[in-house]
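Here is the structure we will look at.
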Amino acid sequence: MTPQLSIFLPVYNEQENLDRLHRQLIDSLTACGRTFEIIYVDDGSSDGSLAILERIAAGDQRVRVIAFRRNYGQTAAMSAGIDAARGEVLIPMDADLQNDPADIERLLARLDEGYDVVSGWRRNRQDAFLTRTLPSRLANWMISTIGGVPLHDYGCSLKAYRREVLQDVHLYGEMHRFIPIYASWSGGRVTEIPVAHHPRIAGKSKYGLSRTIKVVFDLVTIKFMASYMTKPLYVFGGAGILSFSISLSTGLLAFLMKFANWPFHADFIQTPLPIISMIALVLGIQMILMGLIAEILVRTYHESQGKRIYAVRRRINFESE
Numbered sequence: 069m070t071p072q073l074s075i076f077l078p079v080y081n082e083q084e085n086l087d088r089l090h091r092q093l094i095d096s097l098t099a100c101g102r103t104f105e106i107i108y109v110d111d112g113s114s115d116g117s118l119a120i121l122e123r124i125a126a127g128d129q130r131v132r133v134i135a136f137r138r139n140y141g142q143t144a145a146m147s148a149g150i151d152a153a154r155g156e157v158l159i160p161m162d163a164d165l166q167n168d169p170a171d172i173e174r175l176l177a178r179l180d181e182g183y184d185v186v187s188g189w190r191r192n193r194q195d196a197f198l199t200r201t202l203p204s205r206l207a208n209w210m211i212s213t214i215g216g217v218p219l220h221d222y223g224c225s226l227k228a229y230r231r232e233v234l235q236d237v238h239l240y241g242e243m244h245r246f247i248p249i250y251a252s253w254s255g256g257r258v259t260e261i262p263v264a265h266h267p268r269i270a271g272k273s274k275y276g277l278s279r280t281i282k283v284v285f286d287l288v289t290i291k292f293m294a295s296y297m298t299k300p301l302y303v304f305g306g307a308g309i310l311s312f313s314i315s316l317s318t319g320l321l322a323f324l325m326k327f328a329n330w331p332f333h334a335d336f337i338q339t340p341l342p343i344i345s346m347i348a349l350v351l352g353i354q355m356i357l358m359g360l361i362a363e364i365l366v367r368t369y370h371e372s373q374g375k376r377i378y379a380v381r382r383r384i385n386f387e388s389e
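For reference, each letter of the sequence shown is one residue, going 69 to 389 in the numbering used here.
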C-alpha cells in the first residue's frame, strides 16, 4: 500500500544518534495514526552509520535506505529522498536529534487546515549565536525579502509538504532550503509553526559560515529563474539599454568637450570618455544578443520537452480528458 507519510532523513556520520533517533521516530509516527515509511539517505558516511541503517532496515519493512557512493551534500540527499518517497505527505528532517519527531503530528495538523507547506521555526535555537544563529537570522531575512515568502527559519529541515508541490522541483547547490519559495511561486499556501530544537548531544556539526555565501549565490539564481525564466531578454535587454545609455551620454559629452568647450575644452585623446563610450556600446550589443540567445534556449527547453510555463492547482469537469 502507498503510505500516507514519507519521512526522509539525510545521514552523514551520525552513528551515535541513529538508534535513538529511530526509536523516537517510530513512537511519534505510530502516535499519528497514519501509515508511513522512513527513508534514510546515507550521504557517503565514513563511520558506521550505513551498517546501523542496514540493521534497522532489516528489522523493519517500513524503513528504506539509500546509500550514496560518496558525500554529495545535503541537497543531493534531500533530492534522493524526494525521488524515492511514495507518500501523500513528505517530511524531511535532520538525523542529528536536534529536530524533535514529536513535532511531526503538529505539522500534520497544520497541513490539514489547507496549507501545502508547513515549515518548522526553531524559535529557541540551541546553537552558538555568533557562528550559527546570527548568520542564520541574516540569511533568513535576506531570503524572505528577496523571495517574498516571510518565514523566520528557512534553514530548519523539519517541514511538511504535500506531494504535488514537490513534483516539479529540481534541487541544485544549497537550494533545498528554498522549497517553500518554489511552492509559493507555484501558488502553494505556505505557513510556519514553532518547533522544538535540542542541543546536539553526539556527533559533529557539518554546517559552517561558508554555507551563507553559497546560499546568497543560490538565492540570486532562483530569483532570476523565477522572474526571468520565460523572458530572459527582459533582464539582458535592460542591461543592454543601460549600456547603450552610458555609451550615448559619454560619447555626447566627449563631443561637447571637444567642439563646444563644455564644460571645458578637451580633445578626444585627453579624456577616457570616447573609450568608455565604445566599450559600453559593444557591451550593449553583446547583452542584447545574449538575451536573444537565451530566449531561443528557453523556447527550445519548454517546447522540446512539452513543459508548460504555468502550474494548475485543480481541474473541474475535465474527467473525459
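Positions of the beta carbon are idealized from the N, C-alpha and C atoms, including for glycine.
Open item on the list: Taking the alpha carbon of D115 as the reference point, which residue from F76, L86 and M293 has its own alpha carbon closest?
Closed with: L86
Task: Contacting residues, own chain, Cβ-Cβ under 8 Å from P218 (five flanking each side not counted) - done: S212
Open item on the list: Just to confirm before moving on: does the CB-CB distance between L175 and I159 stay below 8 Å?
Closed with: yes
Open item on the list: Using 8 Å for Cβ pairs, my map puts Y140 next to S113. What's the rounded Cβ distance?
Closed with: Wrong, their Cβ atoms sit about 12 Å apart, outside the cutoff.
Open item on the list: Measuring straight from C-alpha to C-alpha, what distance separates R193 and T201?
Closed with: 7 Å
Task: Nearest-angstrom Cα separation, counted from A170 out to R102 - done: 14 Å
- [ ] Following the continuous beta strand (DSSP E) through L158, name the residue where it begins and the one where it ends.
- [x] V157 to P160
Open item on the list: Quick check: the Cα distance between L118 and D110, rounded to an integer number of angstroms?
Closed with: 6 Å
TODO: Label I172 either buried or exposed according to how many other C-beta atoms from any shown protein chain fall within 10 Å of its C-beta, with 16 as the threshold for buried.
DONE: buried
TODO: Compute the distance between the beta-carbons of F336 and A322, then report whether it is under 8 Å.
DONE: yes
Open item on the list: At the level of alpha carbons, what is the spacing between Q83 and L165?
Closed with: 12 Å
TODO: Return the first residue and the last residue of the alpha helix (DSSP H) that T98 is part of.
DONE: L86 to C100
Open item on the list: Out of I361, R132, A177 and I356, which one is the CA nearest neighbour of P71?
Closed with: R132
- [ ] Decide if M69 is buried, meaning its Cβ has at least 16 other Cβ atoms within 10 Å, or exposed.
- [x] exposed
TODO: Go ahead and pull the three-state DSSP assignment for V217.
DONE: coil
Open item on the list: Using only CA atoms, which one of A144, A196, R245 and S252 lies nearest to Y183?
Closed with: S252
TODO: Identify, in the order they occur along the chain, each residue of the same chain with its Cβ nearer than 6 Å to the Cβ of R190, setting aside the five sequence neighbours on each side.
DONE: D221, C224 and H265
Open item on the list: Just list the residues that DSSP pairs Y229 with in beta bridges.
Closed with: L158 and V185
Task: G188 beta carbon less than 8 Å from that of V258 - done: no
- [ ] Go to S74, then tell me how far its beta strand (DSSP E) extends in each direction, as first and last residue.
- [x] L73 to V79
Task: Three-state secondary structure (DSSP) of Y302 - done: helix
Open item on the list: Rounded to the nearest angstrom, what separates P57 and A135 at their Cα positions?
Closed with: What the structure shows of the chain is the stretch from 69 to 389, and residue 57 is not part of that stretch, so it cannot be assessed.
Task: CB contact flag (L301, G359, <8 Å) - done: yes
- [ ] Just grab the DSSP bridge partners of L173 for me.
- [x] This sequence places Glu at residue 173; Leu is not what is there. None, per the DSSP bridge assignment.
Open item on the list: Is the separation between the beta-carbon of V303 and that of Y229 shorter than 8 Å?
Closed with: no
Task: Member of A99, Q338 and I106 whose CA lies at the smallest distance from the CA of A126 - done: I106
Task: Closest Cα partner of Y250 within the set E260, I261 and I290 - done: I290
Open item on the list: Give me the residue from R137, T318 and E181 with the minimum Cα distance to L349.
Closed with: T318
TODO: Check whether the Cβ atoms of S295 and L239 lie closer than 8 Å to each other.
DONE: no
Open item on the list: Please state the DSSP three-state secondary structure of E105.
Closed with: strand
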